[in-house]
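Each residue of the sequence shown is one higher than the last, beginning at 750 in the working numbering. Taking it in order: structure first as structure tokens, then the write-up.
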Amino acid sequence: MPGRRKASELAAAAAAAVYLLACCSVALSEGYQAGKLRLAAVYGFECALFGWVEYPFGWLANPLIWAGVVLLAAGRGRAAALCGLLAGVPMLHWSLGWDRQGLGHMLRAGYYLWVASAVVLAAGGGAVWAVRAHGQQGPANRSHGQRLEEQLDPGAG
């Protein structure tokens with residue numbers, strides 16, 4: 750169905766746009782320490798490219814988001830929603846680790862946009878999945894009440 754295909758592509762584009770905006774934004778600032786370097790600001794694209802070195806588990810959210818965007822563009826809403834939800838696990842782990850270390854104040858817009866990209870992916874995938882499931886509701890999938898109503902009033906169906 751062309752309309753549904755377009756909706757999944759738009760949802761994928763929205764998730765990708767938020768992710769790309771996160772990559773162009775400052776994710777960490779105020780003297781982030783990377784080995785011997787003390788950095789004034791770290792952009793999202795730097796975290797996406799090199800974050801696996803310092804925080805490999807937290808970084809795993811990135812390939813989940815990438816895979817989810819591709820799946821959503823292909824119309825696989827349920828798989829994309831699952832990728833978005835699963836991306837939240839390493840994100841939460843990373844966030845809690847930073848908070849425990851007292852570094853939560855260093856998180857900037859890029860970080861929150863990164864999290865938002867997973868939320869948009871999960872919501873978009875869930876919406877595409879729900880619309881597709883609702884649109885495929887044939888006679889075998891109708892509720893008992895709907896079938897009973899059709900039997901009592903044949904013109905109602």
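Yeah, the Cβ is synthetic: ideal placement off N, Cα and C, and Gly gets one too. Quick caveat: nothing in here was measured; it's all calculated off a predicted structure.
- By the Cβ neighbour-count rule, CYS832 is buried, with 16 or more other Cβ atoms within 10 Å of its own.
- Rounded to whole angstroms, ALA765 and SER866 show a C-alpha spacing of 7 Å.
- Here GLU758 has ALA822 as same chain residues with Cβ atoms under 6 Å from its own Cβ, once five neighbours each way along the sequence are excluded.
- The beta carbon of ALA763 sits closer than 7 Å to the beta carbons of VAL869, GLY873 from its chain, once the five residues preceding and following it are set aside; these are given in chain order.
- Look at SER757 here: in three-state DSSP terms it is helix.
- Close CB contacts of CYS772 within its chain, under the 6 Å cut and outside five residues either way in sequence, are with GLY793, PHE794, ALA797 (chain order).
- Under the DSSP assignment, MET840 falls in the alpha helix (DSSP H) whose first and last residues are 826-849.
- As the crow flies, the alpha-carbon of VAL791 is around 16 Å from that of SER844.
- With 16 or more other Cβ atoms inside 10 Å of its own Cβ, VAL877 counts as buried.
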